[in-house]
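Notes to accompany the following structure.
There are 2 protein chains.
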Amino acid sequence: MSVDRTQVLRAAAALLTRKATATMDEVARAAGIGRATLHRHFAGRDALVRALEELGIQELEAAHDRARTAEGPADEAVRRLVAEVEDVAPLLSFLVTENQLFEGDQQNDGWERLDARVSALFRRGQEEGVFRIDLTPAWLTEAFYGLIGSGAWAVQDGRVAAKDFQYMIVELLLGGARRSVEK
Amino acid sequence: MSVDRTQVLRAAAALLTRKATATMDEVARAAGIGRATLHRHFAGRDALVRALEELGIQELEAAHDRARTAEGPADEAVRRLVAEVEDVAPLLSFLVTENQLFEGDQQNDGWERLDARVSALFRRGQEEGVFRIDLTPAWLTEAFYGLIGSGAWAVQDGRVAAKDFQYMIVELLLGGARRSVEK
DNA sequence: ACCCGATGAGACATTGATGTCTCATTCGGG
DNA sequence: CCCGAATGAGACATCAATGTCTCATCGGGT
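Chains A and B supply the protein sequences, listed in that same order. The working numbering numbers the first residue of the first sequence as 1049 and each following residue consecutively. The working numbering numbers the first residue of the second sequence as 1049 and each following residue consecutively.
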């Protein structure tokens, strides 16, 4: 009888990922519950988005942990990270675009932690001579998120096969589009 | 006395680029005109966005023309294209996210033309042996837009210096993050 | 200097979403 | 089996944005 909060959040994520402007009513229907019940669990749309933010951050942190980004060669760590992040990618891209709207408001500091972890990975790679040093960690982090988002969207839209998600992102991010002379 | 339609569009673009949810009233104020006048020129918010879409497409096509993407080595053509596209980047990223909302509605076929041009550039590069063939032109096109958007946003947010915009994007897109062994 | 068209300001009705409330129903634990 | 808590459905007030309208004003062209 009691509503499973996490399940509601997943349904909301699945819907909002596809239609960012979905109404509270649509979210409720998608979750298979009444609008009143949705309001009982999440005070309003803001609260819902905040909760989704929490969920996304949690899953991203978990992905980082699983990828063990502090271990081994940095490029392989990036590869593992992209693989682990794939499932959260749609939610991530939703939250990123959603966050652009929350102007100067209080920013969930979970993002800072995540940024720091990604950024640290790229910095480590630079220090170990694996990554180029002329691209700043900040930019590489930004590009990382951007490509994840683009990839998620391209897959959702059928322009890229889901099985190629990881490969396309990792190869472009690490190796770029130019044909390598050496290989 | 008469309102300059293009100037209004530019003001609207400048505002909506920063705050995508800006109200018609805010847009009017930003353009220095009355809300009624804004409505006289653009029937509604949709019409305004459509007009911005037209503007963006026009400017992107112009950028393509200036970049002469059909001439010379493909990688240098990409470099020129990124340079020419820089000014339109914020508007582009606004339109891209805005377009995600227009679900199945009629899609402006200008986008298809642009996609085709970018895609053709990457394909040409592949055929001429300049670009890797294991990344599909469709994905490279998607990534191109994604990186342009990420770059524009990073600059607007101060995480990347404006003067580095072109370099960061082109270098990552063409060369990737991995340090090249050969150089 | 005059006149006509365009503009700005504001009033107004409408619409869509939100948030609150009530009440009947239902599910589950004791 | 029964009671209480949670739910679903819907009514309702509210709010913000939109779109329309009017009217006074302004400005350029003749």
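Every residue gets a Cβ at the ideal spot worked out from N, C-alpha and C, and that includes glycine. All values reported here derive from a predicted model rather than from experimental measurement.
Note to self: Is it buried or exposed, B/Q1106, if we count other Cβ atoms within 10 angstroms and call 16 or more buried?
What the structure shows: exposed
Notebook entry, point to check: DSSP state of B/F1179, grouped into three classes?
Noted result: strand
Item checked: Closer than 7 Å to chain B by CB, A/S1141 -> No, A/S1141 does not count as interfacial toward chain B.
Note to self: Quick check on B/R1015: does DSSP put it in helix, strand or coil?
What the structure shows: No statement about residue 1015 of chain B is possible, as the shown extent of chain B runs from 1049 to 1231 and does not include it.
Item checked: Local conformation of B/S1050 per DSSP, three classes -> Residue state, collapsed to three classes: coil.
Check: At a Cβ cut of 7 Å, what residues of the segment 1121-1132 of chain B count as close to chain A, listed as they run along the chain?
Finding: D1123
Check: Are B/E1146 and B/V1208 close, meaning C-beta to C-beta below 7 Å?
Finding: no
Notebook entry, point to check: Does the beta carbon of B/F1179 sit closer than 7 Å to a beta carbon anywhere in chain A?
Noted result: Against chain A, the CB of B/F1179 has a partner CB under 7 Å away; the residue lies at that interface.
Next item on the list: Whole angstroms is fine: what's the gap from A/M1072's alpha carbon to A/E1119's?
Entry: 43 Å
Note to self: What residue range does the alpha helix (DSSP H) around A/Q1204 cover?
What the structure shows: P1185 to Q1204
Note to self: If I measure Cβ to Cβ from B/L1064 and keep anything under 6 Å in the same chain, skipping five residues before and after, which residues do I get?
What the structure shows: A1070 and F1142
Note to self: Quick check: A/A1225 and B/F1179, are their CB atoms within less than 7 Å of each other?
What the structure shows: A contact, by the Cβ cut-off of 7 Å.
Next item on the list: Excluding the 5 residues preceding and the 5 following B/V1166 in the sequence, name in chain order all residues of the same chain whose CB lies nearer than 7 Å to its CB.
Entry: T1189 and F1192
Notebook entry, point to check: What alpha helix (DSSP H) runs, 4 residues minimum, are completely inside the segment 1049-1134 of chain B?
Noted result: Taking only runs of at least 4 residues, the alpha helix (DSSP H) segments lying wholly in the segment 1049-1134 of chain B are 1053-1066, 1072-1079, 1083-1089, 1093-1115 and 1122-1133.
Check: Closer than 9 Å, Cβ to any Cβ of chain B: which residues of the segment 1049-1073 of chain A, in chain order?
Finding: R1066, K1067, A1068 and T1069
Next item on the list: Verify whether the separation of the beta carbon atoms of B/G1194 and A/L1195 is less than 7 Å.
Entry: In terms of Cβ geometry, B/G1194 and A/L1195 form a close pair [threshold 7 Å].
Margin query: Once DSSP output is grouped into helix, strand and coil, what is the label at A/A1209?
Written below: coil
Check: In this structure, does DSSP put B/R1156 in helix, strand or coil?
Finding: This sequence places Asn at residue 1156 of chain B; Arg is not what is there. Residue state, collapsed to three classes: coil.
Margin query: Along the segment 1200-1213 of chain B, where does the CB come closer than 7 Å to a CB of chain A? Name the residues.
Written below: A1202, R1207 and V1208
Notebook entry, point to check: Which term fits A/D1123, buried or exposed, when burial requires 16 or more other beta carbons within 10 angstroms of its beta carbon?
Noted result: The residue is buried, with at least 16 neighbouring Cβ atoms inside 10 Å.
Next item on the list: Can you give me the start and stop residues for the alpha helix (DSSP H) that A/F1142 sits inside?
Entry: A1137 to N1147
Next item on the list: Keeping to the same chain, check which residues put their C-beta closer than 6 Å to that of B/L1103; ignore five residues upstream and five downstream.
Entry: Once the five neighbours on either side are set aside, the close Cβ partners of B/L1103 are L1057.
Next item on the list: Name, please, each residue of chain B whose Cβ falls closer than 7 Å to the Cβ of A/A1191.
Entry: Those are L1195, S1198 and L1220, listed as they occur along chain B.
Note to self: At the 7 Å Cβ level, is A/V1149 part of the contact set with chain B, yes or no?
What the structure shows: Checking the sequence, you will find Leu at residue 1149 of chain A rather than Val. Yes - at least one Cβ of chain B is within 7 Å of the one on A/L1149.
Next item on the list: Could you tell me which of A/I1181, A/D1113 and A/L1220 sits nearest to A/R1161, measuring between CA atoms?
Entry: A/D1113
Note to self: Can you list, in chain order, the residues of its chain with a C-beta nearer than 7 Å to that of A/P1121? Leave out the 5 residues immediately preceding and following it.
What the structure shows: V1178
Next item on the list: State buried or exposed for B/K1231, treating a residue as buried only when at least 16 other CB atoms are found within 10 Å of its CB.
Entry: For B/K1231, the predicted structure reports a pLDDT of 43, less than 50, and the residue's modelled location is therefore unreliable. The matter cannot be settled from this model.
Check: Where does B/L1170 sit, in a helix, a strand or coil, going by DSSP?
Finding: One detail in the question is off: residue 1170 of chain B reads as Phe in this sequence, not Leu. B/F1170 falls in the helix class under three-state DSSP.
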